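Right, one structure below, let's go through it.
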Amino acid sequence: MIPKALAVSLTGICGPDGVIADRDRLLVYESDALTAYRHRPGAVVLPRTTDEVRRAVQAITRHGLPIVPRGAGTGLSGGAVPLGGAVVIGTARMNRILSIDAANRRAVLQPGVINAELSAAAAAHGLYYAPDPSSQTACTIGGNVAENSGGPHCLKYGVTSRYVTGLTVVLADGSVVRLGGQGREAPGYDLVGLFVGSEGCFGIATEIEVGLLPVPEGVRTLLGIFDRIEDAGRAVSDIVSAGLLPAAMEIIDGPTIRAVEDSVFAAGYPTDAEAALVIEFDGLEAGLDAEAARAAEFCRCAGAREVRSAKDEEERLALWKGRKKAFGAMGRIAPDLLVQDATVPRTTLPAILKGISEIGKRYGLVVANVFHAGDGNLHPNILFDRRDEDELERVERASKEIMQICVDSGGTITGEHGVGLDKKHHMPLIYGEAELDTMWGIRRVFDPGEVLNPGKVLPEETDPAARASRDDGAVGEKPAAAPAPAHA
Amino acid sequence: MSEAAPAAALVPDRVVLPESAEEVQAVVLEAGEAGTRLLPAGRGTWLGAGGWGVDPGTRSEPGGGGEAGGRSESGGGTDNPRIVSTERLDAVHHYEPADLTLTAGAGIGLDHLARVLEPNGQWLPFDGPACDTGTLGAAVASGVSGPLSARYGATRDNVLGLEVVTGDGRILRIGGRVVKNVAGYDLVRLFTGSRGSLGVITRVSVRLFPRPDADVTLLFGGDAAGAVAAARRVCTHEVPVAAVEVIEGDEGGVGRAAAVAVRLLGGVDEVDESRARIVAAAGADPSAALEGGESRAFHERRIGWEAGAGVVARLAALPDRLAETLACARAVAAQTGGATSADAMQGVVRVKGSCGEGDLAALAEGLLRGRREMAAAGGTLTLSQAPAEVAARVGWTGGGGEEGGLTSRIKSLFDPDSTLAPSCP
Ligand SMILES: Cc1cc2nc3c(=O)[nH]c(=O)nc-3n(C[C@H](O)[C@H](O)[C@H](O)COP(=O)(O)OP(=O)(O)OC[C@H]3O[C@@H](n4cnc5c(N)ncnc54)[C@H](O)[C@@H]3O)c2cc1C
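For the record, the sequence lines run as chains A and B. Going by the working numbering, the first sequence opens with residue 1, and the numbers climb by one from there. Going by the working numbering, the second sequence opens with residue 1001, and the numbers climb by one from there.
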């Protein structure tokens, strides 16, 4: 609960509909889509404009409370969870597309615009917004910017960061800054690039300029069915190294297939298969058939028992269905789901997939993989029941081992979901003291008082300020270089 | 090189050539203690830019260079920037062709790198200024992209990880070598384009691409206005193209006032089809069509387009303002007896020229006028090469935008004592 005086001033700024303070209505703001972490916010405010955000930030910080920005709450790393009684600034009412400039293939929008709505609006101009997280019918562009989200088609088109060209941001001190804009040629540091992926810790994005692409003329979609998941991994790696550039390559493993087929989302994938690989090519009609044929051949060579291809849009949607509904279906077969998000070098996919399945077996856990295979971005999801304490402990140990083999292969701890609350303790797996110190420093450049989304991304124990107070003044020394296995 | 005589105080006392990040660190720490300023560099291709008055031809290597932080003969405390060159950090550390990623020392020449990738049918499509003979590290530090960024993304989109030595001597390994990575804040993008003001880049991981099977460049000749209109038509056409340039004067090679160069990259069928449709849209047959190696060579030559010019500027605005941006660029070109080259997809126009001693004041005036015109339409004019006096009057970039002091706070986080000579870009 927030002080009365603050509630009054927030109501003054955002109107009575723009402030939520009653306990029942605060419930949905306790967590994001990773429901394992729950904290009740002090209140939620829903501003409509940059100026309202600015005034709300000033009012909240005057009362010394932390602030957590929030889009649609579909995040999978606990990023929007309000710690310490924080006030949530939600962007739900900042949902207007301000302009679509077809001649320059760009759009300016408020952060609460839903990802898929932007593409729908741009379609009138033959354009679309390329980054397509699987949650695109629910998640906001503001959340995408904060997480630097990816999606199936980012294999060919790149992730959010490539498309964000300008930002208006309200900083923790209530000032408003403009970064980039009118394309991204602005001289100076790439502050837009630095902001993208900052997980709500640097500022609140209140206006976002993005680039759009022309809708591709043709699409070809294939579905390869495999008896061994490593074979599907090998097909992916072979296709990439042969110089083919599919728009998307997604793997759905056996446990996931069975979950989907048992659910209302049944997509007609064979339930005895151990992997299904969705491959899509897009672009000019000319040449698409030949590319698809080559990819199909790579699948067969890698051991696919069957390769289906979609003849029309309806069949295409059917092939995708099993992939798109995977998370929803898994939610139905286990009370809890731990979603991992590591990236590994593509060539290590077969070995890593095998390793993950062995770890699952060793701990007696069901691990269901559904992921962006073309980018090497894995989502090993562990199904469990948190009421079973023994299982919970095995889940934690297995999850850590999975992370470790991914990092050891030259990979990283998160490819698109962000660090948030969930993975911050894994940060030392890939970064040493020097890197973590620097990240703390950069955070404080934007937000010296740690007002915005405190307790996220960086583990507290790595805070150089905390270390300094512990060591009583030893900060003057040059920090030593620490090895970071992820790089070289 | 700049024709202006370098100010005596700016002649570098020496060039150091460290062979590892630890040696760079030692050089940086020593410079910090001695109060010597450091100027990070690759092969020094563009050292004339930045106003250091440095002529790479005069460099020396006392003590054979390469010794970690070798002793400074000139003593500390002078104003002379010492050049710390990454040239010897030129090893390929990791190259797995099937992953389409590579990690190499920052000092590897992009020409050398191209030869490493060629046998596997791969390339790094960096085509910004000096990306022909410059180093990988310098391309990342300058962060300037070329016309191919429409197709392959800008430089920043293809840098996966970096090792840097900061201005206060910390070695940081940021990002990684996988193609998707959101672990922690994106310091890689901060360093890409930081122009040596935050640290010395010592190692780089990049994303690679397969070389497309077909490479065709269609050249359409015409008058200047017609060329711009034709280029804009191609840019907004449904057929995706790899790059569209408007080249004025003889360099278009078609004997007309201007040429539009449309580059098509992709599979053979795709490129054939694109070609037919682009020609139909243009309403005229191309004056010339370059295929395969010829097309590639044409563009590779253009990467070095500005080399050696005394005055180089870059004007940018939204692509649909190409005619206005080009007009503004032509005014600068006229003053410098130079030429323009436009990247129509990005709305960027480059100008190169030269400047005699007598015309400096007028040139500065002209550049400032151009910058005001560009700014009025939301665009920018940045200098990348100019006589020191002109640069001093005009400023390289024209100052920061509305970023509320973030830039200077970032600079002091990495380089609190301004050991690195480059100020914020
Ligand atoms: C079924 C499912 C599938 C998914 N698939 C994908 C996928 O394919 N790829 C992918 O990358 N992700 C995926 N996600 C994760 C999630 O959808 C993305 O991270 C998305 O970008 C979050 O957007 P949101 O609006 O829900 O943000 P939220 O969850 O509300 O917030 C996420 C973070 O962004 C910050 N934030 C939100 N708005 C702003 C703003 N305006 N300014 C500053 N910070 C802000 C918050 O503080 C928080 O840290 C999936 C999630 C689900 C549930």
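Using N, Cα and C, we set each Cβ at its ideal position, and we do this for glycine too. Just so it is clear, the structure is predicted and the values come from calculations on it, not from any experiment.
Among the residues of its own chain, which have a CB less than 7 angstroms from the CB of residue i, if the five just before and after it don't count?
i: residue 20 of chain A; result: 26, 43 and 44
i: residue 1025 of chain B; result: 1165, 1169 and 1171
i: residue 330 of chain A; result: 256, 259, 337, 368, 381 and 383
i: residue 270 of chain A; result: 225
i: residue 412 of chain A; result: 342, 343, 430 and 486
i: residue 326 of chain A; result: 252, 256, 260 and 370
i: residue 135 of chain A; result: 74
i: residue 492 of chain A; result: As shown, chain A starts at 1 and ends at 488. That puts residue 492 of chain A outside it, with no answer to give.
i: residue 451 of chain A; result: 61, 66, 67 and 172
Determine the closest residue to residue i out of the options, with distance taken between C-alpha atoms.
i: residue 1086 of chain B; options: B/1095, B/1099, B/1102 and B/1108; result: B/1108
i: residue 424 of chain A; options: B/1020, B/1184, B/1236 and B/1125; result: B/1184
i: residue 156 of chain A; options: A/417, A/281 and A/450; result: A/281
i: residue 347 of chain A; options: A/198, A/232 and A/414; result: A/232
i: residue 354 of chain A; options: A/17, A/457, A/290 and A/228; result: A/228
i: residue 159 of chain A; options: B/1142, B/1241 and B/1180; result: B/1180
i: residue 1369 of chain B; options: B/1081, B/1410, B/1403 and B/1327; result: B/1327
i: residue 1410 of chain B; options: B/1197, B/1266 and B/1119; result: B/1197
i: residue 1152 of chain B; options: B/1242, B/1230 and B/1201; result: B/1242
i: residue 190 of chain A; options: B/1297, B/1406 and B/1413; result: B/1406
i: residue 287 of chain A; options: B/1190, B/1273 and B/1189; result: B/1273
i: residue 123 of chain A; options: A/428, A/33 and A/217; result: A/217
i: residue 81 of chain A; options: A/460, A/468, A/455 and A/148; result: A/455
i: residue 318 of chain A; options: A/16, A/268 and A/289; result: A/268
i: residue 239 of chain A; options: B/1099, B/1422 and B/1028; result: B/1099
i: residue 249 of chain A; options: A/103, A/223 and A/262; result: A/223
i: residue 1376 of chain B; options: A/116, A/182 and A/264; result: A/182
Count the other CB atoms, across all protein chains shown, that sit within 10 Å of the CB of residue i; report buried if there are 16 or more and exposed otherwise.
i: residue 51 of chain A; result: exposed
i: residue 1221 of chain B; result: buried
i: residue 237 of chain A; result: buried
i: residue 357 of chain A; result: buried
i: residue 422 of chain A; result: buried
i: residue 316 of chain A; result: buried
i: residue 361 of chain A; result: exposed
i: residue 98 of chain A; result: exposed
i: residue 438 of chain A; result: buried
i: residue 449 of chain A; result: exposed
i: residue 1021 of chain B; result: buried
i: residue 301 of chain A; result: exposed
i: residue 132 of chain A; result: buried
i: residue 1286 of chain B; result: buried
i: residue 1402 of chain B; result: exposed
i: residue 1258 of chain B; result: buried
i: residue 364 of chain A; result: exposed
i: residue 1332 of chain B; result: buried
i: residue 68 of chain A; result: buried
i: residue 1019 of chain B; result: buried
i: residue 1017 of chain B; result: buried
i: residue 1076 of chain B; result: Caution applies to residue 1076 of chain B, whose pLDDT of 38 falls short of 50 and renders its modelled position unreliable; the value that the coordinates give is listed next. Residue 1076 of chain B comes out exposed.
i: residue 23 of chain A; result: exposed
Please work out which residues of its chain come closer than 8 angstroms, Cβ to Cβ, to residue i, disregarding the five sequence neighbours upstream and downstream, and give them in chain order.
i: residue 1360 of chain B; result: 1004, 1387, 1389 and 1390
i: residue 1289 of chain B; result: 1216, 1217, 1218, 1219 and 1275
Can you list, in chain order, the residues of its chain with a C-beta nearer than 6 angstroms to that of residue i? Leave out the 5 residues immediately preceding and following it.
i: residue 4 of chain A; result: none
i: residue 1031 of chain B; result: 1038 and 1419
i: residue 1367 of chain B; result: 1394
i: residue 85 of chain A; result: 42
If you measure from the CB of residue i, is any heavy atom of ligand 2 nearer than 8 angstroms?
i: residue 119 of chain A; result: Ligands in the displayed structure: ligand 1; ligand 2 is not one of them.
Report the neighbours of residue i on chain D: residues whose CB is nearer than 7 angstroms to its CB, in chain order.
i: residue 277 of chain A; result: Of the chains in the structure shown, none is chain D; the protein chains are A and B.
Quiz item: Where in the segment 255-319 of chain A do unbroken runs of the alpha helix (DSSP H), each at least 4 residues long, occur, reported from the N-terminal end onward?
Solution: Taking only runs of at least 4 residues, the alpha helix (DSSP H) segments lying wholly in the segment 255-319 of chain A are 288-301.
Exercise. Would you list, in sequence order, the uninterrupted beta strand (DSSP E) runs of no fewer than 3 residues that lie entirely inside the segment 1105-1189 of chain B?
Key: Along the segment 1105-1189 of chain B, the beta strand (DSSP E) occurs as fully enclosed runs of 3 or more residues at 1159-1166 and 1171-1175, listed in sequence order.
Quiz item: In the segment 1338-1406 of chain B, which residue ranges form an unbroken beta strand (DSSP E) of at least 3 residues, counting only runs that do not cross its ends?
Solution: Along the segment 1338-1406 of chain B, the beta strand (DSSP E) occurs as fully enclosed runs of 3 or more residues at 1339-1343, 1348-1353 and 1380-1385, listed in sequence order.
Quiz item: What are the start and end residues of each continuous alpha helix (DSSP H) run of 4 or more residues lying completely inside the segment 1250-1319 of chain B, in chain order?
Solution: As far as the segment 1250-1319 of chain B is concerned, its whole alpha helix (DSSP H) runs of at least 4 residues are 1268-1282 and 1293-1303.
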